[in-house]
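Enquirer: Structure in structure tokens, see below.
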Amino acid sequence: GEDVEQSLFLSVREGDSSVINCTYTDSSSTYLYWYKQEPGAGLQLLTYIFSNMDMKQDQRLTVLLNKKDKHLSLRIADTQTGDSAIYFCAESAAKSGGYNKLIFGAGTRLAVHP
Amino acid sequence: EPEVTQTPSHQVTQMGQEVILRCVPISNHLYFYWYRQILGQKVEFLVSFYNNEISEKSEIFDDQFSVERPDGSNFTLKIRSTKLEDSAMYFCASSESPNRGDQPQHFGDGTRLSIL
């Protein structure tokens, strides 16, 4: 069945780059997303990538997609303390025929220290 | 920027009682969703809703759950007889279209439901 896996925790120094990794199982997924959750808040969409792309860059964020290995990564350049949050990888389960049901990973908690 | 709003932010209910969670989706969105996140677990899809009917539901969404769009702005999730295992954070989301990355789902801040 559909499944998304992420490492649970990442600690980086302020100013360094962060790389959060994700693997997924559904090869028919059309879109893959990264959401951010700050304490007490909802899920904020950060960026997405279409499955026929290899890379997408949006300011400090770079998404890399290896479709062969079903591996997705999010790189945050010049990580700041405000980037401390939980980052969720999600895939759209298009093959279910439903309306863009999202399948989420467990989330990676990013801790940024001075 | 328009956003999805959910009320209440925290709901405490006795086991066996009915609870209604409320959501106001973004005004021009046509597709609505509920997800839940049990503490320490993944965010799980519950149900999607379009054109006043359920489009898809998960195994979690059994007869105890129902959704409704009672007027032009609200979207509600009702749990008829709550169980302890219904304790979770419930997220509402909405989107303009069902399957386009450039029209993604936007989420509210969630309602934390605690069943005693």
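Chains as they are written, first to last, in my numbering: chain H, 1 to 114; chain P, 1001 to 1116. For each residue, glycine too, the CB sits at the ideal point set by N, CA and C. On a predicted model such as this, the values are computed, not experimentally measured, just so you know.
1) CA-CA distance, Tyr1033/P and Glu14/H?
2) Return the CA-CA distance between His71/H and Phe9/H, expressed in angstroms with no decimal places.
3) Within the same chain, show all residues whose beta-carbon is closer than 6 Å to that of Glu1199/P, passing over the 5 residues directly before and after it, in chain order.
4) Could you tell me if Asn100/H is buried or exposed, where buried requires 16 or more neighbouring beta carbons within 10 angstroms of its beta carbon?
5) Does any residue of chain P have a CB that is nearer than 8 Å to the CB of Asn21/H?
6) Report yes or no: is there a C-beta of chain P within less than 8 Å of the C-beta of Gly119/H?
7) Along the chain, where does the beta strand (DSSP E) containing Val1004/P start, and where does it finish?
8) CB Gly42/H to CB Phe1107/P, shorter than 8 Å?
9) Is there contact between the region 18–27 of chain H and the region 1077–1084 of chain P, where contact requires at least three CB pairs shorter than 8 Å?
10) Would a C-beta distance cut-off of 8 Å place Ala90/H and Ile103/H closer than the cut-off?
11) Could you give the DSSP three-state label for Asp58/H: helix, strand or coil?
12) Name, please, each residue of chain H whose Cβ falls closer than 7 Å to the Cβ of Phe1107/P.
13) Using a Cβ cut-off of 7 Å, which residues of the region 1031–1053 of chain P contact any Cβ in chain H, in chain order?
14) Compare the C-alpha of Tyr1031/P against each of Ser1073/P, Asp1062/P, Glu1096/P and name the closest.
15) Between which residues of its own chain and Phe1045/P is the CB-CB distance below 6 Å, once the five residues before and five after are set aside?
16) Compile a chain-ordered list of the residues in the region 1002–1017 of chain P whose CB is closer than 9 Å to at least one CB of chain H.
17) Provide the residue span of the beta strand (DSSP E) that contains Arg13/H, from first to last.
18) Would you tell me roughly how many angstroms separate the C-alpha atoms of Thr1111/P and Gln1006/P, rounded to the nearest one?
19) Among residues of its own chain, excluding the 5 on either side of Ser51/H, which ones have a beta-carbon nearer than 8 Å to its beta-carbon?
20) Please list the partners that Ala106/H has in chain P, where partner means a Cβ-to-Cβ separation under 7 Å.
Expert: This is what the structure gives:
1) Locating residue 1033/P in the second sequence gives position 33, counting from the first residue. Locating residue 14/H in the first sequence gives position 14, counting from the first residue. Using only the alpha carbons, I get a separation of about 36 Å.
2) Counting from one through the first sequence, the residue named residue 71/H turns up at place 71. Counting from one through the first sequence, the residue named residue 9/H turns up at place 9. Straight-line measurement puts the Cα of Phe9/H at about 17 Å from the Cα of His71/H.
3) Within the shown structure, residues of chain P are numbered from 1001 to 1116, placing residue 1199/P beyond reach of any answer.
4) Taking the first residue of the first sequence as 1, we reach residue 100/H at position 100. Counting C-beta atoms within 10 angstroms of its own C-beta, Asn100/H has 16 or more neighbours from the protein chains shown and is therefore classed as buried.
5) Here residue 21/H corresponds to residue number 21 of the first sequence, with the count starting at 1. Answer no: the Cβ-Cβ gap between Asn21/H and chain P never drops below 8 Å.
6) Here chain H covers residues 1 to 114 and nothing more, so residue 119/H does not appear.
7) Residue numbering aside, residue 1004/P sits at position 4 when the second sequence is read from its first letter. Unbroken run through Val1004/P: none, as it is neither H nor E.
8) Your numbering for residue 42/H matches position 42 in the first sequence. Your numbering for residue 1107/P matches position 107 in the second sequence. For Gly42/H and Phe1107/P, yes; Cβs fall inside 8 Å.
9) No: fewer than three Cβ pairs fall under 8 Å.
10) For the purposes of this step, residue 90/H is taken as residue 90 along the first sequence, with counting starting at 1. For the purposes of this step, residue 103/H is taken as residue 103 along the first sequence, with counting starting at 1. With respect to the 8 Å criterion, Ala90/H and Ile103/H are classified as neighbours on the basis of their beta carbons.
11) Start at 1 with the first residue of the first sequence, and residue 58/H comes out as number 58. In the three-state DSSP reduction, Asp58/H falls in the strand class (E or B).
12) Working through the second sequence from its first residue, we reach residue 1107/P at position 107. At a beta-carbon threshold of 7 Å, the residues of chain H lying near Phe1107/P are Gly42, Leu43, ordered along the chain.
13) Cβ contacts with chain H: Tyr1031, Lys1042, Val1043, Phe1045, Ser1048, Tyr1050.
14) Here the question's residue 1031/P lines up with position 31 in the second sequence. Nearest of Ser1073/P, Asp1062/P, Glu1096/P to Tyr1031/P, Cα basis: Glu1096/P.
15) Here residue 1045/P refers to the residue found at position 45 of the second sequence. Excluding positions up to five away in sequence, the list reads Tyr1035, Ser1058.
16) Cβ contacts with chain H: Glu1003, Val1004, Gln1006, Ser1009.
17) For the purposes of this step, residue 13/H is taken as residue 13 along the first sequence, with counting starting at 1. Unbroken beta strand (DSSP E) run through Arg13/H: 9–13.
18) Locating residue 1111/P in the second sequence gives position 111, counting from the first residue. Locating residue 1006/P in the second sequence gives position 6, counting from the first residue. About 7 Å.
19) Against the first sequence, residue 51/H aligns to sequence position 51. Hits under 8 Å: Ser29, Thr30, Tyr31, Leu32, Leu65, Lys67.
20) Here residue 106/H is taken as the residue at index 106 of the first sequence, counted from 1. Those are Lys1042, listed as they occur along chain P.
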